[in-house]
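Note that the sequence shown covers residues 107 to 410 in this note's numbering. A short worksheet on the structure shown next.
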Amino acid sequence: YEEAESKTRSEERDLEVLTFRFIEREPPMGAIIDLSTGKYRVDQTFSKGGGYMVLLRKIGEEERAILACRGTAGKWKATGGIQSVINNLLIEVGSRAVVENWEDIARYLKESGIRALMVCGKSQGGAHAQMLAPLIASKAPVKVSHVMTFASVGVSERICEIFRRVFNGSGTELSVYYNHGNLWEGEMDLIPYLGGRHVQIDGAKVYALSPKNSTYREEKVWFFWRIYYLLASFGRPHTRQNTLMDSYTKVPAAAVEPDPLFEMGRKCMAYLIHSMTFCLLNPVRYEEFYAQKREHVNVLSSCS
């Protein structure tokens with residue numbers, strides 16, 4: 107058991123670091139990345155629409171790969187930096203990056219010979235992972251072995267339904283991690299409570315990660331304090347990488363449920379911005395995009 111847990115923690119550390127580091131560092135094509143599960147080569151990147159997804163192929167086992175999705179760009183000069191920020195203002199957070207990159211991802215996967223793919227992402231990249239995984243499994247099609255998200259925002263109810271329909275009982279693993287801890291000491295990340303629900307399937311594993319000496323508990327806090335701590339979350343609570351600490355607490359937790367007031371405010375703002383941009387900001391809704399038989403669709407939505 108201890109050996110298996112050590113292996114799991116090493117993989118968690120590797121993938122959290124990968125998805126976070128891509129915010130600041132963009133690896134060149136062909137770069138070799140040494141992970142606990144083996145050496146991987148940067149084989150392709152997909153960077154349209156504010157997204158930044160890196161395809162890593164395992165050296166010696168070319169049919170196995172990882173698709174790691176970056177969160178919001180940490181620098182304006184980063185690839186798709188401004189568009190990455192705009193993705194956070196969409197009705198379905200991160201959806202433009204998924205829609206605009208899908209054709210390239212699908213073409214690559216169909217020609218690559220990859221047979222098993224892990225999809226992971228942090229923050230906004232977690233939303234990308236939740237949306238891309240069903241597309242990959244259904245439309246590429248490539249076996250999605252594992253979906254792993256860190257400090258991810260949620261997605262719409264329809265995306266959750268599609269994800270469950272595609273993956274429930276398929277053998278695909280789902281692991282969800284978010285930063286928890288003492289809210290009053292600024293340890294708890296509230297950003298995962300935005301964007302909607304988090305995808306779930308039978309057997310999914312959800313973990314709250316906290317500093318070692320912190321106590322995990324559900325907090326009931328007056329709304330205006332929650333607003334304050336939500337804004338504070340954009341700093342240390344959201345970017346903290348527990349898996350890099352010498353010791354941290356990993357506790358099985360309930361699925362993250364969206365905060366109703368947070369989500370109502372976010373949606374009102376998103377629809378207002380959508381109207382102010384003459385209904386051109388948001389791409390086609392995910393469920394409509396997913397239902398398309400062809401690979402390429404018009405990325406502009408109507409006002410309906």
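Using N, Cα and C, we set each Cβ at its ideal position, and we do this for glycine too. Please read all numbers here as calculations on a predicted model, not as lab measurements.
Return helix, strand or coil for E167, following the three-state DSSP convention.
Strand, per DSSP.
Have a look at L296, K356, P358, N319 and flag the residue whose alpha-carbon is nearest the alpha-carbon of F329.
It is L296 whose Cα lies nearest to the Cα of F329.
Give the single residue among L387, T151, S116 whose Cα lies nearest to the Cα of G144.
Taking only the C-alpha atoms, the option nearest G144 is S116.
With a CB to CB cut of under 8 Å and the five nearest residues on each side skipped, what residues in its chain are close to T178?
Here the set comprises I129, S190, V191, N193, N194, S229, Q230.
Would you tell me roughly how many angstroms separate the C-alpha atoms of R264 and R270, rounded to the nearest one?
Between R264 and R270, the C-alpha separation is close to 10 Å.
Please state whether the Cβ-Cβ distance between V272 and G302 is less than 7 Å.
Going by C-beta atoms, V272 is not nearer than 7 Å to G302.
Taking the straight line between their C-alpha atoms, what separation do you get for C175 and I211?
Spanning the two alpha carbons is a distance of roughly 12 Å.
Does the contact criterion of 3 or more C-beta pairs under 8 Å hold for the segment 238 to 251 versus the segment 278 to 290?
With a cut-off of 8 Å, the segment 278 to 290 and the segment 238 to 251 count as touching, because enough Cβ pairs lie within range.
Residues bridged to I172 by DSSP?
L162, M224.
So R202 and G155 are in contact, right, with Cβ under 8 Å, and what is the actual spacing, rounded?
4 Å between Cβ atoms; contact.
Is it the case that the Cβ atoms of A361 and Q306 are separated by a distance below 7 Å?
The answer is yes: Cβ separation under 7 Å.
Count the other CB atoms, across all protein chains shown, that sit within 10 Å of the CB of E198; report buried if there are 16 or more and exposed otherwise.
The residue is buried, with at least 16 neighbouring Cβ atoms inside 10 Å.
In or out: D120 buried (at least 16 other Cβ within 10 Å) or exposed?
Counting Cβ neighbours within 10 Å, D120 comes out buried, since at least 16 surround it.
I need the DSSP call for P366, collapsed to helix, strand or coil.
Note: P366 maps to helix in three-state DSSP.
Report the residue ranges of all beta strand (DSSP E) runs contained in full by the segment 174 to 249; include only those spanning at least 3 residues, in chain order.
Runs found: 222 to 228.
Could you give the first and the last residue of the continuous alpha helix (DSSP H) run that contains S339?
Looking at the DSSP string, the run of the alpha helix (DSSP H) that includes S339 is 329 to 339.
Classify S316 as buried or exposed, calling it buried when 16 or more other Cβ atoms lie within 10 Å of its own Cβ.
With 16 or more Cβ atoms within 10 Å of its Cβ, S316 is classed as buried.
Beta-carbon within less than 7 Å of F152's beta-carbon, same chain only, minus the 5 sequence neighbours each way: which residues are those?
Within the same chain, F152 has close Cβ partners M159, N207, D210, I211.
Going by the CB atoms, is the gap between Y377 and M237 shorter than 7 Å?
No, they are not a contact pair.
What three-state label does DSSP hand N285 in the structure shown?
Reduced to three states, the DSSP call for N285 is strand.
Put A314 into one of helix, strand or coil per three-state DSSP.
If DSSP states are grouped into helix, strand and coil, A314 belongs with the strands.
Apart from the five residues just before and just after S339, which ones in its own chain have a Cβ nearer than 8 Å to its Cβ?
Excluding residues within five positions, the ones whose Cβ falls inside 8 Å are M294, D295, L296, I297.
Confirm, please, whether the CB-CB distance from A310 to V357 is below 7 Å.
No, they are not a contact pair.
In terms of alpha-carbon separation, which member of C374, V259, G186, L196 lies closest to L386?
Of the listed residues, the one whose Cα sits closest to L386 is L196.
DSSP state of K356, grouped into three classes?
Correct three-state label for K356: strand.
Give me the Cβ distance between A359 and V312, rounded to the nearest whole Å; I'm assuming they're in contact under 8 Å.
About 5 Å; that satisfies the 8 Å criterion.
With distances taken from CA atoms, which of I172, V205, T345 is nearest N388?
Here the closest residue by C-alpha is V205.
Ignore the nearest five residues each way along the sequence and tell me which others in E363's own chain have a CB closer than 8 Å to its CB.
Counting only Cβ-Cβ distances below 8 Å, and skipping sequence neighbours, we find Y299, R303.
Rounded to whole angstroms, what's the CA-CA distance from E394 to R213? Just pull it up for me.
Rounded to the nearest angstrom, the two C-alpha atoms are 20 Å apart.
Exposed or buried, N319, counting other C-beta atoms within 10 Å across all chains shown (16 or more means buried)?
Counting Cβ neighbours within 10 Å, N319 comes out exposed, since fewer than 16 surround it.
DSSP on F384, reduced to helix/strand/coil?
Coil at F384, not helix or strand.
On the CB-based measure, 16 or more other CB atoms within 10 Å of its CB, does P366 come out buried or exposed?
P366 comes out exposed.
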